[in-house]
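Undergrad:
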Amino acid sequence: MTTAATAEMGAGPKPASRSFFARLLQGDQVAHAITFVAAATILLITTMLVVVLWNNSALPRAKFGLSFFIGRVWDPVSGQFGALPFVYGTLVTTAVSLVLGVPLGLGAAIFLAELAPPKISDSLTFVIELLAAVPSVIYGLLGIFLVVPFVRTTLAPALKHTLGFLPLFQGPCYGVSFLAAGLVLAIMIVPFIVSVSREVLLAVPTDQREAALSLGSTRWESTWKVVVPFALPGVLGSVFLAMARALGETMAVTMVVGNVPDIKASLLAPGYSIAAVIANEFTEATGDLYLQALIELGLVLFLVTFILNGLARLLILVTSQRGGTT
Amino acid sequence: MSGWAGSGHGRYRKVVSYLMLGGTALCALLVVGVLFFILGSLVWKGGSDINLNFFTKLPTPVGVTGGGMANAIVGSMKLLLLASLIGVPFGVVGGIYMAEFGGKVSAFVLQYTADLLNGVPSIVIGIFAYSLIVLRMKHFSAIAGGFALGIMMIPVTLRSTEQFLRSVPVAMREAAMALGASKWKTIVSVVVPAAYRGILTAILLSLARVAGETAPLLFTAFNNRFWSPGWNQPIASLPVVVYTYGISAYEDWHRQAWAAGLVLLGMVLLTNIIARAILSRGISAPR
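Here the protein sequences line up with chains A and B, keeping their order. If you count the first sequence from 1, position 27 lands on 27 in the working numbering, and the numbers rise without skipping. Numbering-wise, the working numbering comes out as the position in the second sequence, counting from 1, plus 1000.
Quick look at the structure:
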């Protein structure tokens, strides 16, 4: 960077006398070392996270191997640990949240980036960023007392009435369900989709829009057929970010999913998720195998979100650079 | 594109355009409306239970009216203090490295890692703190909770400090160095003061972020129905209280949960708004 060039210029009035020792006395090397150590802690923490999670989940890995993820029975008393119900619940709730949240978030992002006057767009974006700051336990609270009753009394009967022929919407519904968790998660991930998608949409060069408009396309056609495809990798990145967040979300899901380790096709049935079982059973886990089985679930969560986030960041980076170079 | 067909087709395309664009506006309104819905329902459900007792009394057993959450409020403050003792120095100093000393490659690697660490589910950070501290000490403690929150603060503070430092004009650094200042002197006396509003914003935003975290506290700080003297015992915190009261079976605990939720959300949103207000008064205005 430019600072590297200025470092040479800042060599002081008597460059000849600036031995390594002199520079050390001036403090630059010391400052460099200290600040580097502080920055490198994040590398250390990340490495330690992997090591700690890996070492503390050795027992179930040795005992169950990969069948840990296929087993359907989670019975701590008899020492049987099959994680499939949790994996299934995590995937289902995340899928529901994406189906609901992605169109909503993308729509809002398009409005904020393409249509709204800058002043309105900025203040609405501010509100949406505040929404992202709302603690997840608050979403859970609203989930328990507002979303769950709404699902039980209004949404589930309506869905059964109209789409009841699908296996997705069958069986009794007590409110706590995959659907309720998916609904709450959808609201939680939308702010992330909006803020990242808006950024990448804004990074699309103006001449792309102008070219489309000058060829006679309508405003929507220029947006949907030119701007969005141009920014697609970044939009995809925002979806991955949201997905990672939905997979790892703990409190809100724990409070509304029902916490029943069953695998049901119906979205109206209660279920469980990886993060929820860790939150509920960690402090009660008796015995090393039980505790380590929960830590292995944490390891899985960590690895999956790590990979998803890594992909997302790359996609967003690629898109914003593409916008910059054209 | 074959957009030049008849005028009927042109009208159809225009209608589609208006409809879809109107749809996007509706999406934006809906998303923005959610925040006001959340605020509104918390005020409606919890507003009437916030009184002086709430801030000064300990929780009462089920069925006994009155009582408050003084211990949880103080507990949250103590946990945040511990968290900032870890998060602020490492985050800010590390941010200085990335903006001022880091080469292209090292800065990129650190940025990427920080972003990934930032995306790690908070419950996993809880397991981490549990394995490192609770397992060794053999009991839950404020220290373990503060450690978990501090770990979460580092990447957030680091990334935003870096960005605010980078927004300080290069010319200011060059001017200081041209006067013979060494690099660290330039950073300490010119660059950091120029970006102090930004750094303050970064710290406040990261505090607001961890203030609402519940999952990493469940098995580190745990919970406590009473005052928690010192730093070495289980400690109550607002988010955990909202959770335990929310999932309980008692009507008056539910009302307390709403009240605690309102206080928590108020604190978090206020911190966010203050942070941005500080920022909007100009980041590179040197004192």
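We put the CB at the ideal spot given by N, CA and C, even for glycine. In this text, all values refer to a predicted model and were calculated from it rather than measured experimentally.
Whose C-beta lies closer than 7 Å to the C-beta of LEU291 (chain A) among residues of the same chain, with five residues either side of it excluded?
TA: Only ALA285 meet the Cβ criterion.
Undergrad: Quick one: is PRO1286 (chain B) near chain A, going by C-beta distance under 8 Å?
TA: At PRO1286 (chain B), the pLDDT of 39 sits below 50, so the modelled position is not reliable and the matter cannot be decided from this model.
Undergrad: Taking GLU281 (chain A) as the reference, which of B:GLY1246, B:ALA1215 and B:SER1237 has the closest Cα?
TA: Measuring from the Cα of GLU281 (chain A), the nearest candidate turns out to be B:ALA1215.
Undergrad: When the Cα atoms are used, what is the spatial distance from ARG322 (chain A) to LEU201 (chain A)?
TA: ARG322 (chain A) and LEU201 (chain A): Cα-Cα distance of roughly 12 Å.
Undergrad: Whole angstroms is fine: what's the gap from PHE150 (chain A)'s alpha carbon to GLY101 (chain A)'s?
TA: Near 18 Å, if we compare the C-alpha coordinates of GLY101 (chain A) and PHE150 (chain A).
Undergrad: For the candidate residues B:GLY1212, B:MET1153, B:ALA1194 and B:GLY1075, whose alpha-carbon lies nearest to that of LEU1085 (chain B)?
TA: Nearest option by C-alpha distance: B:MET1153.
Undergrad: Could you name the residues of the same chain whose beta carbon sits closer than 8 Å to that of ILE70 (chain A), not counting the 5 residues immediately before and after it, in chain order?
TA: The residues are GLY82 and LEU84.
Undergrad: Is it true that the segment 1028-1035 of chain B meets the segment 122-142 of chain A, where meeting means three or more beta-carbon pairs spaced less than 8 Å apart?
TA: Yes, they touch.
Undergrad: Kindly provide the ranges of any alpha helix (DSSP H) runs that are 4 or more residues long and lie completely inside the segment 25-59 of chain A, ordered along the chain.
TA: Correct list: 28-55.
Undergrad: Near SER266 (chain A), what residues of its chain come up, given a Cβ to Cβ distance below 7 Å and the 5 sequence neighbours on each side ignored?
TA: Same-chain partners within the cutoff: PRO167, LEU168, PHE169, GLN170 and GLY171.
Undergrad: State buried or exposed for ARG1136 (chain B), treating a residue as buried only when at least 16 other CB atoms are found within 10 Å of its CB.
TA: Under this definition ARG1136 (chain B) is an exposed residue.
Undergrad: Considering only their Cβ atoms, is the gap separating ALA1142 (chain B) from GLY1126 (chain B) smaller than 8 Å?
TA: Taking 8 Å as the Cβ cut-off, GLY1126 (chain B) and ALA1142 (chain B) do not qualify as a contacting pair.
Undergrad: Can you give me the start and stop residues for the alpha helix (DSSP H) that TRP1253 (chain B) sits inside?
TA: Per DSSP, TRP1253 (chain B) belongs to the alpha helix (DSSP H) from 1251-1280.
Undergrad: I'd like to confirm the pairing. Which residues does DSSP put opposite TRP1044 (chain B) in its beta bridges?
TA: For TRP1044 (chain B), which the question treats as bridged, DSSP gives no partner whatsoever.
Undergrad: In chain order, what residues of the same chain have a beta carbon less than 7 Å from the beta carbon of PHE1222 (chain B), not counting five sequence neighbours either side?
TA: So the list reads PHE1140 and PRO1234, once near-sequence residues are dropped.
Undergrad: Comparing C-alpha positions only, which one of A:ALA279, A:ALA293 and A:VAL184 sits nearest to PRO1121 (chain B)?
TA: Among A:ALA279, A:ALA293 and A:VAL184, the Cα nearest to that of PRO1121 (chain B) is on A:ALA279.
Undergrad: Just to confirm before moving on: does the CB-CB distance between LEU1217 (chain B) and PRO1239 (chain B) stay below 8 Å?
TA: It is a contact, given that the beta carbons lie within the stated cut-off.
Undergrad: Hey, does MET243 (chain A) have any beta-carbon neighbour from chain B nearer than 8 Å?
TA: Answer no: the Cβ-Cβ gap between MET243 (chain A) and chain B never drops below 8 Å.
Undergrad: Given a cut-off of 8 Å, decide if LEU1110 (chain B) and GLY1119 (chain B) are closer than it, judged by their beta-carbon atoms.
TA: For GLY1119 (chain B) and LEU1110 (chain B), no; Cβs fall outside 8 Å.
Undergrad: Using three-state DSSP, classify GLN80 (chain A) as helix, strand or coil.
TA: Correct three-state label for GLN80 (chain A): strand.
Undergrad: Quick one: grab the DSSP three-state call for ASP262 (chain A).
TA: ASP262 (chain A) falls in the coil class under three-state DSSP.
Undergrad: Which word fits LEU142 (chain A), buried or exposed, when buried means at least 16 other C-beta atoms lie within 10 angstroms of its C-beta?
TA: Under this definition LEU142 (chain A) is a buried residue.
Undergrad: Contact check, GLY140 (chain A) vs MET255 (chain A) under 8 Å by CB: the rounded distance?
TA: Yes, GLY140 (chain A) and MET255 (chain A) are in contact; Cβ-Cβ is about 4 Å, under 8 Å.
Undergrad: Have a look at B:LEU1079, B:LEU1080, B:ALA1072 and B:ASN1051 and flag the residue whose alpha-carbon is nearest the alpha-carbon of GLY1066 (chain B).
TA: The shortest C-alpha separation from GLY1066 (chain B) is found at B:ASN1051.
Undergrad: In this structure, how does DSSP classify TRP1184 (chain B) when only helix, strand and coil are distinguished?
TA: Helix.
Undergrad: Could you list the residues in the segment 1050-1065 of chain B with a C-beta less than 7 Å from some C-beta on chain A, going in chain order?
TA: Answer in chain order: no residues at all.
Undergrad: For LEU1207 (chain B), which residues in the same chain have their Cβ closer than 7 Å to its Cβ, ignoring the five residues on either side in sequence?
TA: So the list reads LEU1080, SER1084 and THR1271, once near-sequence residues are dropped.
Undergrad: Which parts of the segment 107-189 of chain A are runs of the alpha helix (DSSP H), unbroken and 4 residues or longer, counting only runs that do not cross its ends?
TA: Taking only runs of at least 4 residues, the alpha helix (DSSP H) segments lying wholly in the segment 107-189 of chain A are 118-133, 136-142 and 156-163.
Undergrad: Would you say the segment 1177-1189 of chain B touches the segment 1250-1264 of chain B, given that touching needs at least three Cβ pairs under 8 Å?
TA: Contact fails: fewer than three Cβ-Cβ distances are below 8 Å.
Undergrad: Cutting at 7 Å between CB atoms, please list the residues of its own chain near MET243 (chain A), excluding the five before and the five after it.
TA: If we look at MET243 (chain A) and ignore the five residues flanking it on each side, its Cβ neighbours are THR94, LEU98 and LEU308.
Undergrad: Keeping to the same chain, check which residues put their C-beta closer than 6 Å to that of GLY1094 (chain B); ignore five residues upstream and five downstream.
TA: Closer than 6 Å at Cβ, skipping near neighbours: LEU1158.
Undergrad: Name the residue from A:SER195, A:SER214 and A:SER222 whose alpha carbon lies nearest to the alpha carbon of ALA109 (chain A).
TA: With distances taken between Cα atoms, ALA109 (chain A) lies closest to A:SER195.
Undergrad: Any beta carbon from chain B within less than 8 Å of ASP207 (chain A)'s own beta carbon?
TA: Not one chain B Cβ lies under 8 Å of ASP207 (chain A).
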